[in-house]
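> Protein chains in written order, with my numbering: chain H, 197 to 787; chain F, -1 to 201. Could you have a look at this structure, given as structure tokens, before my questions?
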Amino acid sequence: AMEKSRPLWDNPLQFIFACISYAVGLGNVWRFPYLCQMYGGGGFLIPYFIMLIAEGMPLLYLELAVGQRMRQGSIGAWKIISPYLCGVGVASVIVSFFLSMYYNVINAWAFWYLFHSFQDPLPWATCPLNSNRTGYEEECEKTSSTQYFWYRQTLNISPSLEASGSLQWEQALCLTLAWLVVYLCILRGTESTGKVVYVTASLPYCVLIIYLIRGLTLHGAVNGLIYMFTPKMEQLSNPKAWISAATQIFFSLGLGFGSLIAFASYNEPNNNCERHAVIVSLINSATSIFASIVTFSIYGFKATFNYESCINKVILLLMNAFDLEEGSLTADNLNEMKDYLMATHPQEYAQLLPRLKNCSLEAELDTAVQGTGLAFIVYSEAIKNMEVPQLYSVLYFFMLLMLGIGSMLGNTAAILTPLTDSKAIGARFPKEVISGVVCFVNCVIGLIFTMEAGNYWFDIFNDYAATLSLLLIVLVETIAVCYIYGIRRFEKDLDTMIGRKPNWYWKIMWAVASPLLIISLFIFYLTDYILTGTLQYQAWDATQGQLVTKDYPGYALAVIGLLVAASTMCIPLGALVTFIRKRLKRENVST
Amino acid sequence: DAQNAFKVRLSIKTALGDNAYAWDANEEYLFKAMVAFAMRRYSSKSTTQISNVLLCNVTDRVSFWFVVTDSSKNVTTVPESEVEAAIRYSHCCCSLFFLSDWGYVYGLLTGSMLKSSDPSTPVWLIVFGVVLCLIVAGIIFLIVAGIQQRKKKSKESTERENLEEKGEVTVTVENGIPCETLDLKAGHINGVFAADDERFTSL
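The structure is reproduced here in structure tokens:
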């Protein structure tokens, strides 16, 4: 029987673009700027770079080398390293499966906002009128129009996790579209993926450059940049800063999902994966910093805009109350005029006092946001105040889509490559059918996230589905390659592939530094979860117009436990199953 | 101060910037004319004169109170609701009152002046439909192309297989010594080789 040759990337550039497209994702745009702000601004770059060198590059190189050498998806690759490690591959596939279930919902939201960007004015720019047209919607009055658009018109969020609510057909449609787009890109395997990644990898950079130019020329952008980059060195002594840096590097590169192994398995055997690992990790980090420059100039603009609006509101209030001439009160003389008015009309001033807000630029800048809140609320708020907001809105959400779809390509590759490699499924069904089934199943399960309580379930998956499991998976991977497969054997393999042995830096990192780092991260997170006791989440309270903290109900905690257990248990189970199988075979042969 | 009076505040400089005009007696006259027009056009008081619109307490802020009197009934003011209705439905007054977000009429409901952003047909569905059609067309195209490619490949491989079979048949005949004669003649089947054959076929 003729063996089907493994599909390959057309050229090494496609491979690099695929890795960049996968690694550079939403986390670079919405998590790194937040961390930078929380942990000391410019000073955060120090732990970030140390972690990049200590754990990011070595682990990335390790995964790429394993994939390229074994030329199989994650399950097959780890089976070759040691038959007892087939559980590691299965765990990777399960984690990727969980990730692709909820990650595409973000793309659905990006589509929703993208389609709504073709209106004038933008729908999130103003509050809608209430039913009898006497004023604005109550909920929208209490909060801002952008938050209202996100929580009410996009998510239609319920007040708590228990109140599941109904399926939102608009979101379901967008989710279906998102899955169809992913299916279109992975339909033909590397043939189609290889062409798509040219677009998904490069387009976000074009948009980021446009935004950089636009952002830096916005009024008040400098405030944001100064705020971000002034290093607060005392944060370096905070262990959380180092842990966040390590976590960010780890998850930003997408290690442990099996996607990198899958991508590398489609390489030519003599591809220089060492150089590619360094390139990809450096580009990933550089993109994070680039994205935070853009984000902070946008922050600065938004904060300055809000501050100036606040000041103008106070001026208007004072002018109306005291019938002062227009132009007599300005931002500069506001404080003196306030004192003067307090002195001359103490009674009226006292009456007005509760309505006079204290406007502070610092307070506006301090509102650190991450995640979907940053991407969909803060950015859309900044965009609505720009000139030609529709253009910038379309560009921004298209960029989010590219980032999201690029990451989805990696996730689905991690699931599909082991399936198409396996003899049971891969040989029987054509890859179009396998991809179609995977996309369909994911889409149907993903409809859970389009219900009214869907965003709470999304947060559960986002926080717990991948975090602990990945740390464990990568730890086992590193130990397996260094100590079970043997670092000498690995060295020789790399020598045959690339033409030179890895130098002492790589070996020390693989054997000592990275495992130690991962173990300490793992211990930290475990103790953190145990110490905080019950887990809590942020629920949207429509009556108050803000987020409130609630405890997770019992069954939600059970789901969290199941998510973590489903993937981590595969590792010991896989070893056990292989052990039993070998025992049985030995007994069969001997009898 | 009377019960049917309205307080108006105008922020002309903020709204118009460099094009701001000064608020003087002529502007007041225009304002009165506008209100009178609205009353004549949109309410039952079709004989309202400019002199029926009274302005008082004009300040530097540009704020004042105004009432509309009813000349048919002596020295009474037109009820608030009527004036309100007239101004709301009057197209000309909206632009006078609603200079921008900064100019508003105190006491009048601002409902009609709120920007309503409810388009009749949801635009997003149209864009969604277009994108959906494109994506589905792309998928169908790729699937069909893939099926055609596979059919071509399987046709090629079956042709190649047919050629191989024909070749084998001719080889056995053209080998010189036909197989049957080998068996009958002095040759005996070597057990080792026979066992090997079995092992291969079982794979």
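Glycine is no exception: its CB is placed at the ideal position from the N, C-alpha and C atoms. Computed from a predicted model, the values in this text were never measured in an experiment.
(1) Tell me whether glycine 770 of chain H sits in a helix, a strand or coil according to DSSP, three-state version.
(2) Within 10 angstroms of its Cβ, does methionine 429 of chain H collect 16 or more other Cβ (buried), or is it exposed?
(3) Do three or more CB pairs link the segment 660 to 669 of chain H to the segment 314 to 324 of chain H at distances below 8 Å?
(4) Roughly how many whole angstroms lie between the Cα atoms of proline 324 of chain H and isoleucine 353 of chain H?
(5) Figure out for me which residue from H/Gly263, H/Leu552 and H/Gln742 has the closest Cα to the Cα of lysine 509 of chain H.
(6) Determine the chain H residues that contact phenylalanine 126 of chain F at a beta-carbon separation under 8 Å, and present them in chain order.
(7) Would you say isoleucine 48 of chain F lies against chain H (beta-carbon separation less than 9 Å)?
(8) Of all the CB atoms in chain H, is at least one closer than 9 Å to the CB of serine 152 of chain F?
(9) Are tyrosine 230 of chain H and glutamine 566 of chain H closer than 9 Å when you measure CB to CB?
(10) Helix, strand or coil for tyrosine 379 of chain H, going by three-state DSSP, please let me know.
(11) Give a yes or no on whether 9 Å exceeds the smallest Cβ distance from threonine 156 of chain F to chain H.
(12) Any Cβ of chain F within less than 9 Å of the Cβ of serine 292 of chain H?
(13) Please classify phenylalanine 139 of chain F as buried or exposed, where buried requires at least 16 neighbouring CB atoms within 10 angstroms.
(14) Reducing DSSP to helix, strand and coil, say where cysteine 323 of chain H ends up.
(15) For chain F, check one thing: does any of its Cβ atoms lie closer than 9 Å to the Cβ of serine 201 of chain H?
(16) Out of F/Ser152, F/Ser42 and F/Ala18, state which residue places its alpha-carbon closest to the alpha-carbon of serine 79 of chain F.
(17) Per DSSP, histidine 469 of chain H forms a beta bridge with which residues?
(18) Evaluate glycine 750 of chain H with the Cβ neighbour count: other Cβ atoms within 10 Å of its Cβ, from every protein chain shown; 16 or more gives buried, anything less gives exposed.
(19) Specify the secondary structure class of aspartate 316 of chain H as computed by DSSP and reduced to three states.
(20) Buried or exposed: where does alanine 781 of chain H fall if 16 or more other Cβ atoms within 10 Å of its Cβ makes it buried?
(21) Answer yes or no: does any C-beta atom of chain F fall closer than 9 Å to that of aspartate 206 of chain H?
(22) If we define contact as Cβ-Cβ less than 9 Å, is aspartate 22 of chain F a contact residue for chain H?
(23) Between which two residues does the beta strand (DSSP E) harbouring valine 744 of chain H extend?
(24) Taking the straight line between their C-alpha atoms, what separation do you get for glutamate 470 of chain H and alanine 261 of chain H?
(25) Does arginine 384 of chain H get closer than 9 Å to chain F when you measure Cβ to Cβ?
(26) I'd like to know if phenylalanine 314 of chain H contacts chain F, where contact means its C-beta is closer than 9 Å to some C-beta of that chain.
(27) Anything in chain H within Cβ reach of threonine 57 of chain F, meaning under 7 Å, just list it in chain order.
(28) Compare the C-beta of leucine 53 of chain F against all C-beta atoms of chain H and say whether one is closer than 9 Å.
(29) What alpha helix (DSSP H) runs, 4 residues minimum, are completely inside the segment 633 to 718 of chain H?
(30) Could you give the first and the last residue of the continuous alpha helix (DSSP H) run that contains leucine 753 of chain H?
(31) Quick one: list the residues of chain H neighbouring serine 61 of chain F, beta-carbon separation under 8 Å, in chain order.
(32) Which term fits isoleucine 302 of chain H, buried or exposed, when burial requires 16 or more other beta carbons within 10 angstroms of its beta carbon?
(33) Let's see if you can read the secondary structure: which residues bound the beta strand (DSSP E) around tyrosine 733 of chain H?
(34) Which of helix, strand or coil does DSSP assign to valine 220 of chain H?
(35) Please list the terminal residues of the continuous beta strand (DSSP E) segment that includes tryptophan 63 of chain F.
(36) Can you name the start and end residues of the alpha helix (DSSP H) that valine 76 of chain F belongs to?
The structure says:
(1) Numbered from 1 along the first sequence, position 574 holds the residue referred to as residue 770 of chain H. DSSP, read as helix, strand or coil, puts glycine 770 of chain H in helix.
(2) In the first sequence, residue 429 of chain H corresponds to position 233, counting from 1. Methionine 429 of chain H is exposed by the Cβ-count criterion.
(3) No, the segment 660 to 669 of chain H is not in contact with the segment 314 to 324 of chain H.
(4) As a working mapping, residue 324 of chain H is identified with position 128 in the first sequence. As a working mapping, residue 353 of chain H is identified with position 157 in the first sequence. Looking at the backbone, the Cα of proline 324 of chain H and that of isoleucine 353 of chain H are separated by about 17 Å.
(5) Here residue 509 of chain H is taken as the residue at index 313 of the first sequence, counted from 1. In this structure, H/Leu552 is the residue among H/Gly263, H/Leu552 and H/Gln742 with its C-alpha nearest to the C-alpha of lysine 509 of chain H.
(6) Within the second sequence, numbered from 1, the residue matching residue 126 of chain F stands at position 128. Going along chain H in sequence order, the residues near phenylalanine 126 of chain F (Cβ under 8 Å) are Phe307, Phe311, Leu369, Cys370 and Leu373.
(7) Along the second sequence, read from residue 1 onward, the residue named residue 48 of chain F stands at position 50. By this cut-off, isoleucine 48 of chain F is not an interface position.
(8) Along the second sequence, one-based indexing puts residue 152 of chain F at 154. No - not a single Cβ of chain H is within 9 Å of the one on serine 152 of chain F.
(9) Position 34 of the first sequence, counted from the start, is the residue given in the question as residue 230 of chain H. Position 370 of the first sequence, counted from the start, is the residue given in the question as residue 566 of chain H. Contact flag set, yes.
(10) In the first sequence, the residue the question calls residue 379 of chain H occupies position 183. Per DSSP, reduced to three states, the secondary structure at tyrosine 379 of chain H is helical.
(11) Position 158 of the second sequence, counting from 1, holds the residue named residue 156 of chain F. Chain H contact via Cβ: absent.
(12) Position 96 of the first sequence, counted from the start, is the residue given in the question as residue 292 of chain H. Answer no: the Cβ-Cβ gap between serine 292 of chain H and chain F never drops below 9 Å.
(13) In the second sequence, counting from the first residue as 1, residue 139 of chain F sits at position 141. Exposed.
(14) Locating residue 323 of chain H in the first sequence gives position 127, counting from the first residue. If DSSP states are grouped into helix, strand and coil, cysteine 323 of chain H belongs with coil.
(15) The residue labelled residue 201 of chain H in the question sits at position 5 within the first sequence. Taking Cβ atoms only, chain F never reaches closer than 9 Å to serine 201 of chain H, which makes this a no.
(16) The count along the second sequence starts at 1 and reaches residue 79 of chain F at position 81. Comparing Cα positions, the closest option is F/Ser42.
(17) Mapped onto the first sequence, residue 469 of chain H falls at position 273. Note that residue 469 of chain H is cysteine in the sequence shown, not histidine. Answer by DSSP bridge pairing: none, since cysteine 469 of chain H is not bridged.
(18) Numbered from 1 along the first sequence, position 554 holds the residue referred to as residue 750 of chain H. Label assigned to glycine 750 of chain H: exposed.
(19) On the first sequence, position 120 is the one that residue 316 of chain H refers to. The answer is coil: DSSP assigns aspartate 316 of chain H none of H, G, I, E or B.
(20) By one-based count along the first sequence, residue 781 of chain H stands at place 585. The sequence given here places lysine at residue 781 of chain H; alanine does not occur at that position. It is exposed - the Cβ of lysine 781 of chain H has fewer than 16 other Cβ atoms within 10 Å.
(21) Taking the first sequence and counting its residues from 1, one reaches residue 206 of chain H at position 10. Judged by the 9 Å Cβ criterion, aspartate 206 of chain H is not in contact with chain F.
(22) In the second sequence, residue 22 of chain F corresponds to position 24, counting from 1. It does not; no Cβ of chain H falls within 9 Å.
(23) Position 548 of the first sequence, counted from the start, is the residue given in the question as residue 744 of chain H. Element bounds for valine 744 of chain H: 742 to 747.
(24) As a first step, residue 470 of chain H is located in the first sequence; it is residue number 274 there, counting from the start. As a first step, residue 261 of chain H is located in the first sequence; it is residue number 65 there, counting from the start. In a straight line, the C-alpha of glutamate 470 of chain H is about 8 Å away from that of alanine 261 of chain H.
(25) Within the first sequence, the letter at position 188 stands for residue 384 of chain H. Chain F contact via Cβ: present.
(26) Numbered from 1 along the first sequence, position 118 holds the residue referred to as residue 314 of chain H. With 9 Å as the cut-off, phenylalanine 314 of chain H counts as an interface residue toward chain F.
(27) Within the second sequence, the letter at position 59 stands for residue 57 of chain F. In chain order: Asp519.
(28) Counted from its first residue, the second sequence places residue 53 of chain F at position 55. Not one chain H Cβ lies under 9 Å of leucine 53 of chain F.
(29) 650 to 656, 663 to 675, 683 to 694 and 700 to 704
(30) Against the first sequence, residue 753 of chain H aligns to sequence position 557. Run containing leucine 753 of chain H: 750 to 764, per the alpha helix (DSSP H) assignment.
(31) In the second sequence, the residue the question calls residue 61 of chain F occupies position 63. The contacting residues are Asn516 and Asp519.
(32) Indexing the first sequence from 1 puts residue 302 of chain H at position 106. Buried, by the Cβ-count rule.
(33) As a position in the first sequence, residue 733 of chain H is number 537, starting the count at 1. That run of the beta strand (DSSP E) goes 732 to 737.
(34) Here residue 220 of chain H corresponds to residue number 24 of the first sequence, with the count starting at 1. Valine 220 of chain H: coil per DSSP, three-state reduction.
(35) The residue labelled residue 63 of chain F in the question sits at position 65 within the second sequence. Counting along the chain, the beta strand (DSSP E) containing tryptophan 63 of chain F begins and ends at 61 to 68.
(36) Residue numbering aside, residue 76 of chain F sits at position 78 when the second sequence is read from its first letter. Looking at the DSSP string, valine 76 of chain F is not in any alpha helix (DSSP H), and its letter there is neither H nor E.
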